[in-house]
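Note that this note's numbering gives residue 1149 to position 7 of the sequence shown, counting from 1, and the numbers run on in steps of one.
Okay, structure first, notes after.
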Amino acid sequence: AAFRDAESRERFAQAEAKAIKAISVAVNHGNLQAVNYLIAIRYMGAVNRLAQSENHKLLLMPLETAGIIGSLGGIKDIIKNAAFAKKI
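So this is what it looks like as structure tokens:
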């Protein structure tokens, strides 16, 4: 079981490294939406972990929450454009 857990963590780390490299390439080509996507994904994961913790009685949100929510709209556009590009 410990071996499978270690193997799972290693594969996750490899996938995350590949995703970050893809985002880096996108940024180098001028696509700053890729950075917003990564930040929004990390932010949603952090909020999810906070909500599931035993200390979830208080959840502090940064003042920039509106900007992050706007980024989520950008993520929707990225996914929509990617789906459209696959059809072509």
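Backbone N, C-alpha and C define an ideal beta-carbon position, used for all residues, glycine too.
Source: prediction; values computed, not measured.
Across the set R1184, G1172, V1189, L1214, the C-alpha of R1184 shows the shortest separation from the C-alpha of A1161. Per DSSP, reduced to three states, the secondary structure at E1158 is helical. Annotation: R1191 to L1214 spans about 18 Å, alpha carbon to alpha carbon. According to the DSSP assignment, L1174 belongs to no alpha helix (DSSP H), since it is labelled neither H nor E. By the criterion of a C-beta distance shorter than 6 Å, N1178 is surrounded in its chain by S1213, G1216, once the five residues flanking it on both sides are discounted. With a cutoff of 8 Å on beta-carbon distance, A1176 and V1169 are scored as near each other. L1180 counts as buried, since at least 16 other C-beta atoms from the protein chains shown sit within 10 angstroms of its C-beta. Rounded to the nearest angstrom, the gap between the Cα atoms of V1167 and L1174 is 10 Å.
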